[in-house]
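Student: Numbering (my numbering), first residue to last: 7 to 155. All C-beta atoms, glycine included, are put in the ideal place defined by N, C-alpha and C. Remember, predicted model here, so these are calculated numbers, not experimental data. Please read through the structure below; I'll follow up with questions.
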Amino acid sequence: LKYPAAAIAPAQGVVVRQKAGNWQLAMAWSSLAVILVPGLLRLGRMQVLAFPGTFFLKDGYASMGQGHTIIAMMALWLVLVALGAVMTFVLRPLLVGKIDPTLSQQERQRRQERMVGAARWMTIVMRADLLVAVTIAVLGVSLRYGGLL
Numbered sequence: 007l008k009y010p011a012a013a014i015a016p017a018q019g020v021v022v023r024q025k026a027g028n029w030q031l032a033m034a035w036s037s038l039a040v041i042l043v044p045g046l047l048r049l050g051r052m053q054v055l056a057f058p059g060t061f062f063l064k065d066g067y068a069s070m071g072q073g074h075t076i077i078a079m080m081a082l083w084l085v086l087v088a089l090g091a092v093m094t095f096v097l098r099p100l101l102v103g104k105i106d107p108t109l110s111q112q113e114r115q116r117r118q119e120r121m122v123g124a125a126r127w128m129t130i131v132m133r134a135d136l137l138v139a140v141t142i143a144v145l146g147v148s149l150r151y152g153g154l155l
């Protein structure tokens, strides 16, 4: 499978991927906020939020099926934040860094191997991120029918 970026010269491809990565990064973190804020507003409108409470839910509500589902959704949202942090602060710096031509051949090869490894891990983390996001969406839809948990 060929990606459109494969048609771009390597030097320009790095710039294009970096710019696209910057855009994706901003969108990903913005999306996490867009998920959180309306969710909390909705729970407030339903009058089930409690500070302190069981995961910020009223104790009676937290013990119901919908409450369990909301707690699971909150926990999975935290997983999304953790995955985003790994992508942003661990993997992405390895991928966008340049290989210094003054390094020895052995050092350049190690750097390239780290970049390839980071790219593999980025693929794994992105798939996990997608799986978690889809699970949250399914749990959200299930709330209309009493929740899944």
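Considering just the uninterrupted stretch of the alpha helix (DSSP H) at leucine 100, what are its terminal residues?
Tutor: One-based indexing of the sequence shown puts residue 100 at position 94. From DSSP, the alpha helix (DSSP H) with leucine 100 extends over 98-102.
Student: Going by beta-carbon coordinates alone, are arginine 98 and glycine 27 separated by less than 9 angstroms?
Tutor: Against the sequence shown, residue 98 aligns to sequence position 92. Against the sequence shown, residue 27 aligns to sequence position 21. Contact: yes.
Student: Taking 8 angstroms as the line, does the beta carbon of leucine 42 fall inside it for any heavy atom of the ligand ZN?
Tutor: This structure simply doesn't include the ligand ZN, nor any ligand for that matter.
Student: Using only CA atoms, which one of Arg114, Val92, Asp135, Val87 lies nearest to alanine 156?
Tutor: Any question about residue 156 goes unanswered here, given that the chain covers just 7 to 155.
Student: DSSP puts threonine 60 in a beta bridge; with which residues?
Tutor: Within the sequence shown, the letter at position 54 stands for residue 60. DSSP output for threonine 60 lists Leu63 as bridge partner(s).
Student: When burial is assigned at 16 or more other CB atoms within 10 Å of the CB, is tyrosine 67 buried or exposed?
Tutor: In the sequence shown, the residue the question calls residue 67 occupies position 61. So tyrosine 67 counts as buried.
Student: Work out the CA separation of methionine 80 and leucine 101 for me, nearest whole Å.
Tutor: Reading the sequence shown from its first residue, position 95 is the one you call residue 101. Reading the sequence shown from its first residue, position 74 is the one you call residue 80. Taking the straight line from one Cα to the other gives about 30 angstroms.
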